[in-house]
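Residue numbers (my numbering): 5 to 63.
Beta carbons: idealized from backbone N, C-alpha and C, even for Gly.
Please read the structure below before turning to the comments.
Dropping the structure here:
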């Protein structure tokens, strides 16, 4: 990871690979920790709303 910030070597082949790895990890971690749980909560809320609407229609 230090190669991304210019601390390590400056090999022209290694630097782009390291940057792709670092930003891929950052993007994947962000999605896993923040986006997916929120999507699951929204799905749960929608299912509850549909259940409430169905029960009101049946009455």
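*Might you give, ordered along the chain, the residues of its own chain that have their beta carbon closer than 7 angstroms to the beta carbon of residue 48, omitting 5 neighbours on each side?*
none
*Spatial distance of residue 19 from residue 25 (CA atoms)*: 10 angstroms
_Going by DSSP in three states, residue 63 sits in which element: helix, strand or coil?_
coil
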